[in-house]
Each structure stands twice: as C-alpha cells, then as structure tokens.
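Residue numbers (our numbering), protein chains in the order written: chain A, 1 to 723; chain B, 724 to 829; chain C, 830 to 1000.
Glycine included, every Cβ here is placed at the ideal spot set by N, Cα and C.
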C-alpha cells in the first residue's frame, strides 16, 4: 500500500470506532473504551508512520505527499477532494496524534472505569458516589460514569473530525472536519445534559462559533468564486487573481478573504470578541476540556490561520508594513492575550484559569501570525498543545482527587475551587510534578521547557519586525501569565490544605498519571527541535529543524532573521517576565489561608470585581444579543406569527374547506350523485319487473311477437331499399 | 297458362295459415300439424320455382330436387321428435295444452 | 284455360282444408283435414310435373307423418283435448300479424315481374335418373344425402330416448 493511501486511513479508525460504539458496544464499557482506544491508537500509528516518512523528504512544501479523487462534477471540471501532508500537516499530525491518544487513555480513569455503579446516578448528571466498604467502615467512593460508552463514541467522532481537518488538502473537507468538531464540542460540553448550566454552555459555544463560521463560509465562497477551486495548491498559486482590489474596504481579494477566514478562527479559537464561550465550556468533563479546548479544536482555528497565512500576507515581505489583515490579526491577537490574562488573575476555579490562559496563548499565536512570524506561531501551537493538554489533564487529576476527598469526608465543597485546595503536593505527587512542568512551560521558564523556546521566538518576531505595541503587549501578558500560573500552582499544591476534602485527596491510578508523564516529557523536550541558530551559546548545537522544516511553507527566509537575532532584547525580556512573574506569584500566594480574600482584591479595588466578572462581557452580550433574540423567538415568531398568523390562517382554511365539503356533500353528492345511482338501480329494477310480465313462458306468445317484429322489419327494409 | 305467381301465392297463403295455427292453437299436436302445413307450403314453393325456372342456365334442376328431398326428411324427423317430446311432456305434466307448458315463465 | 280452373279448384281445396286444420275443435277432425290438405298439395305437385314428388308426398307425408299425428292424437285423447277453448286468448294479435305478413308477401310477389312468367321447357324424362345419380355422386349431393339420413337416424334414436318410459327413475 502506497504511503499516500495511508493518509486517507488516518481519520478512518476513529470514525469506525464511533460507529462501532454507537451501534454495537454501548452496553459494554470495557469493549467501548477498547474500541475507542484502538481507533485512536491506529490513527496515532498511521500518523507516526507518515510523520517519520515525510520528515526526511526534501522540499516537502512544494511537493507534499498527496492523493486526491474527483468528487463532485461542477460543470466542466471536477471538485477534487484529497489528502495532503506538507510540513505544517506533519507537525500538526504529530501533536494531535499524541495528545488525542493520551487523552483517550486518561478518560478511562477519569470516568472511573472499574468503580461500582453509583447509588443515585442518572445518565445526564455527573456521577456522585457509591457506597462501599473500605477498611471495614462504610465510605462513599467514586462511581463510574453512567454514560461511559457515549463519551468514548463522541470523542472518537471528534478525533475523526480533527484528523479530517488536518489531512485535507482543500478547504472544503477542512470545513467539514471543522463543523464535525463543532458538533462534537456541543455534544461534549453538554455531556451532562441534565445540568442546565451545561446545556446553556453548549448552546452558547455552538452559537458563538457559528457566528465565526458564517463569515468563514463567506470567505470560502468568495475564494471559490475568485479562484475556482478550494485546493490549497490552486489557491496559493492564483496570486494575480487574488491580488486584485476587491473594492470592499479597499482590500485586495486575498486580504478580504483572509479577513473573513480569520473571523472563523476568531470564533473557533475564542479570540475577542467571540471569546465568551470558552470559559463556559469548562462545564464539560475535563478530558473534553483538555482535548477540545487545549490540544485540538482551538488549535484547529490556529491551523486554519496558518493555512491561509499566505493569503493574509500576499504581497508582504519582511520589512514591509503589514497588510490590513495582518494588522487586524496582530491587534486582536495581542489584545486578546492581554485581556484574557487579566481575567485569569481573578478566577478561583482551576479550570477557568486554564481556559482564560488558553485564550491568551491563542492570542499569542494569532499575534505572531499578524506580525509575520509564521514559524514562531506554528512552533507555539505545537508546544502549547502539549503543555496545555498536560495542564488540563493535571487539573482533572486534581479535581478527581478532590472529589475523592469530598466523597470521603462528606464535605460540600466545589472540588474545582482552588481556594479550597492546598497542600496537594504531598497527597498527589505525580500530579504535582507534571503540573509544575506544564505550568513552567506555560510561563516560559528558560531553557528546559518547550514554552520558553516558542514564546521567545514570538517575542523576537514581534521585536525584530519593529512592532513595538505588539511586543510590549505580549511581554506584559507573559508577565501576567507567569503570575497567574504560579498563583494557581501555589494555591493548589503548596501550603497547607484549606479543607477537609483537600486533606483526604489521593493520587490517581496509573491510567490517569501515565498520560501526564508522557505529556510532561513532551512539554520539556518539544522545544529543543526549534532552537534558533542565533541563540547565545546554545544556538547551533542542535539544528533548528523546526524552522527549516516548517519554514518551507512560507517561501520567505525565516523571519526575524534566522542567522542571528538582531538584538538580544527579546531574550532578556522573556527571561525577566517569566522568572519575575513566577517569583511574584509564589510570593503573593504562598501564605494564602483558609477563608482569606484574594491578595489582589485590595490593590486592584474596583477593577478586581471587573476582572472577576470577566469585564461583564457575558452580561453585555446577553443584553445586546440574547434578550432580543429571545424576544424575537418567543414573542414575535412564536406568538404572533406562528400561532396567530400561520395557525390562524391554517385554521381558517380548514374551516372553509370543511364548510365547502359539507355543502358539496349535502347539496350535490347526496341528492345528485347518490340519487342518480339510486334512480338507475330502482329504475332498472322497476323496468325489469315490468318486463317480467312479458315472460309468460308461453312459446306461442313469444312467436307472435317475433313474427310481428320480423314482418315490420322486412317491410321497413323493403321500403327503404326497393326501387 | 298458370303464372308462377299463382303458385307462390298459394304457397304463401298456406304458409300464413300454418303460421296462424302455430301461434294460436292450444293443443301441442295441433301446433305440430300447423308446422307441417308450413313445411308443405315451402315444398310447393320450391317445386314451383323448379318447374318454372328449369330452363334458366344458372339453375341446376337436380339441386332444387335435392333441396326438396331434404325438406321432406327434415319434416319427417321433426314430426317424430316433436311427438316424442309431446308424449314426454304429457307424461311429466299430464297436459298437452301449450298454454300450460310455461316453465320458462318469469 | 281448363288448367287454370283446375288449379283454382285444387288450390281452394288445399287452402280451405288448411284453414279447417287450424280452426276445428276436435283433434281427430283436424288430423283428417290435414290429410286432405296434404292430398291437395300432392295434386299440385303433379300439376307441376313433379310426379316423383307427388308420390313421395302421399307416401311419406300422408302415409307416415299424418298417420303418426293421428296416433299421437289418439294417445292423448283422454286429456282435455276436445274441451275448453281450442284457440288461444290473444288470437287476434296473431291474426293481425299473419294477415299483414300475407298481404305484404302478396304485394311483393305481384310486383316482381319475373314471377309473371309462364312455365318453361318441360323437364326431361331422364331427370329422375339424373337425380338419382346426383344423390349418390360424391361431388354432387352425396353428402347432404348421407347427412340427412344421419339426421333421420338421430331423430329416431332421439325420439325413442325422449319418449321411453323411465322405469323407477334413471335409465
């Protein structure tokens, strides 16, 4: 089998796993998770094979490993769909395959496989414990998730969507994968559907990303109209057509389309102002948060942005002023990075902090693209996927341990509330160390974490491109990132336990901690494939493989100057903000005790309430969009139009028809038609009765009649035909 | 010289008398006799035509005679069968009155 | 001239006897009037120079058929044959029809000119011999001859079958 065919097969195992679980193995938990694991594992295997096959290829960007088939006939040509692996696809496949597989394995433990069924568990609500005997006395232990198989089916479908998006060679199948992931995101955020907050969060996520998708579709339509194709190779080859002025806002077609597609990315990757869905999406189970909102779905938005970067940057060379679209991207990206980081400072829910952190980091990547630092953005995407997935899974591990403590002690605390945690370092060591590694990577701890290398590249790209505003914004965000990360780690793991539940928290099984360890390894080492040449001391020891490999995608020289950074300022900046932020965070929170108010409350004053409530954006949107929409739906459409107008019309029609039918029946049908029938029957009977009199049975009478008739007939004939 | 028409008229008259009898008489045997009259009228007709159109080149004299022979035979056969029927009906119904043989009534 | 008068007398006899057949009450009388009528017909045959058939008429019709009829009359005599009305109720309808038929046919006959001819050449003496040959020649009238004999046979058998007295039910 040619290696090209293998590309098609990457998305296939998870899809088959989805169908198998839905149709066949729903009742059997073990079989379901084995089927799902097999699907993810096969996809992982195929991805690794492809990856290691292509990294040795020369000039992969120009000649990607590709196959295509004709799909829809459109007039004279065919709409082709296919799969292609170029450098961007290859590295994306790498991290997607690993993170997805790790999350699948983790989910087995997170949903408490092997535990007894809950006492009062209902499908649609999170499991809350089963009575069991432990050490001789009755305790409540974690119970297995009632909808266990459904979860694995949904994440398999989701994996299929992501793989499809990654391996496709055209925007159409990318969009298909995009939408499949959107659907699965909706289903998985609302996984515990009996909870109103989960249902609302799912709808919110879907609708918000939909807004982005509408514009994305417009972009796709425009692209198809202008270039006649949706294949990457065709699109990026039609520079002349795309460089024409569109007449809208003075942008070229390329710029306009890139802007529309960027709005799609804004929706999917939760950039301002479409960021509101991501924090609420934490209603879903933690593996979902890890996979969808760290490693894959939000990364898909960035992947799309990376894909259409040539459109956004069409006509731009390093050193020139940025194009309009790039400016928009840089602005929104950097603003979002800062904006989200400030909100994360004031959150007490462990997952919400990570959610805002994700939004902030995605802003980094977008900003990097906006200033033209393509390789840096791709690099950060890769490293962020690993450490963010690690952080989310780690937080899930913490929550899981806290839940165990909650059930054990019967205390009613929110297992996700960081102010109730503390001292978990000794209770859950593996979780602590892996979480620490992830947090340091997020903050950009120098040298030994992957995040350092990628963040440094972004800052260099901004600095060397001369984008001061972007640079300073990103630097401040990096400071805040380090601060709130250390805040999170300190509150959660260090110090003394602040609640009984935290005291009784325990480490989780290997099913959950093994993925943490694997991801931690990547969080440390993934950065070493992209050490820039110009780095003091260490540059040049390991080749900057990443820049060379992925840099083929853009045919410009690696930006920011590959042969030596122009200046050492970015490096110093990133060291300062990272280490400084970490230290400040630890300092501020290490003495946080039970029931204390947050240390930032007093200094920030009124601003703290704003941060806490996410700048009241949800309330703003509720007022502007949600309430009117509800009014239109409930009052206008339903009451007025649907019930009064349409139903009234239909009822009126029905009444008229009824009346008409009745008149026809009584006025015409019964008298005329029935009457005619009756007259015919009765008349025939009467006539027959009368004619019966003729049948006397006497032959002589018959003969008299016969002779008479014959005589008359013959006379008539002779009269007619004689002479 | 007796014109052909006289013979034909005689035949016609006899036929009509026989017809009247067939339609009118009550007794079945009388009806049979009337039928014999009709057949005889036919025979007269045939022989008359044979005699008078004998010299016509298109006429075949033997053909006419054969026809008459057949009529004789048919008459004889019909009388035999008819009488047998009357006897049989008489046995069944104990009547030979045609009016009372009205099984086909209604 | 004499032939015409003779013809008229014979015709009158025949027709009057026929009328008596259909009107007299007593069946025996009717049968005898039938015999007289048949005799008249035989004479007419002889006048038409068909001596063969005149004789055949007497032998077959009078000698066989009329006798048969007389037998039938005698066999059904004790049944109400001579009492009650002999003519059906609606005899006038039949009379009207018949009179009209007769009138019509007479008009027809008299209006066709061909019927006014006189007799043509006399039949040859050897006609009877020819007739006999014709009756047995396969390309002439052998088949009708045979068929008519079969008809007679069937009639015979049939009449026996119909008239035979069933002894205790089926035959």
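Proximity test, residue i beta-carbon vs the ligand PLP heavy atom, cut-off 7 angstroms
i	result
residue 348 of chain A	Looking at this structure, you won't find the ligand PLP or any other ligand, since it has none at all.
Pairwise C-alpha distance: residue j and residue i
i	j	result
residue 20 of chain A	residue 35 of chain A	8 angstroms
residue 378 of chain A	residue 465 of chain A	17 angstroms
residue 553 of chain A	residue 98 of chain A	23 angstroms
residue 786 of chain B	residue 983 of chain C	24 angstroms
residue 846 of chain C	residue 690 of chain A	41 angstroms
residue 810 of chain B	residue 896 of chain C	16 angstroms
residue 857 of chain C	residue 905 of chain C	11 angstroms
residue 716 of chain A	residue 931 of chain C	15 angstroms
residue 616 of chain A	residue 336 of chain A	15 angstroms
residue 42 of chain A	residue 90 of chain A	16 angstroms
residue 214 of chain A	residue 264 of chain A	7 angstroms
residue 260 of chain A	residue 251 of chain A	12 angstroms
residue 697 of chain A	residue 767 of chain B	33 angstroms
residue 777 of chain B	residue 707 of chain A	32 angstroms
residue 55 of chain A	residue 101 of chain A	21 angstroms
residue 294 of chain A	residue 401 of chain A	21 angstroms
residue 664 of chain A	residue 640 of chain A	34 angstroms
residue 201 of chain A	residue 661 of chain A	52 angstroms
residue 929 of chain C	residue 705 of chain A	13 angstroms
residue 516 of chain A	residue 509 of chain A	11 angstroms
residue 96 of chain A	residue 356 of chain A	21 angstroms
residue 186 of chain A	residue 656 of chain A	46 angstroms
Three-way DSSP call (helix, strand, coil) for residue i in this model
i	result
residue 412 of chain A	coil
residue 647 of chain A	helix
residue 858 of chain C	helix
residue 78 of chain A	strand
residue 348 of chain A	coil
residue 293 of chain A	helix
residue 86 of chain A	coil
residue 156 of chain A	helix
residue 239 of chain A	helix
residue 674 of chain A	helix
Proximity test, Cβ basis, 8 angstroms: residue i and chain A
i	result
residue 968 of chain C	no
residue 926 of chain C	yes
residue 875 of chain C	no
residue 922 of chain C	yes
Within 8 angstroms, strictly: CB atoms of residue i and residue j
i	j	result
residue 141 of chain A	residue 130 of chain A	yes
residue 764 of chain B	residue 754 of chain B	no
residue 344 of chain A	residue 458 of chain A	no
residue 770 of chain B	residue 882 of chain C	yes
residue 444 of chain A	residue 455 of chain A	yes
residue 850 of chain C	residue 837 of chain C	no
residue 221 of chain A	residue 390 of chain A	no
residue 486 of chain A	residue 581 of chain A	yes
residue 181 of chain A	residue 162 of chain A	yes
residue 611 of chain A	residue 346 of chain A	yes
residue 386 of chain A	residue 288 of chain A	no
is_contact[residue i, chain C] using C-beta, thresh 8 angstroms
i	result
residue 701 of chain A	yes
residue 715 of chain A	yes
residue 816 of chain B	no
residue 765 of chain B	no
Neighbour flag for residue i against chain B, beta carbons, 8 angstroms
i	result
residue 704 of chain A	yes
residue 880 of chain C	no
residue 972 of chain C	no
residue 707 of chain A	yes
residue 894 of chain C	yes
Residues, ordered as in the chain, of the segment 929-950 of chain C that lie near chain A by beta-carbon distance below 8 angstroms: 929, 930, 933, 937
Contact list for the segment 837-870 of chain C against chain A, Cβ threshold 9 angstroms: none
Members of the segment 742-758 of chain B that neighbour chain C once the beta carbon cut-off is set at 8 angstroms: Sequence-ordered contacts of the segment 742-758 of chain B with chain C read 742, 743, 744, 746, 747, 748, 749, 750, 752, 753, 755, 756, 757 [C-beta pairs closer than 8 angstroms].
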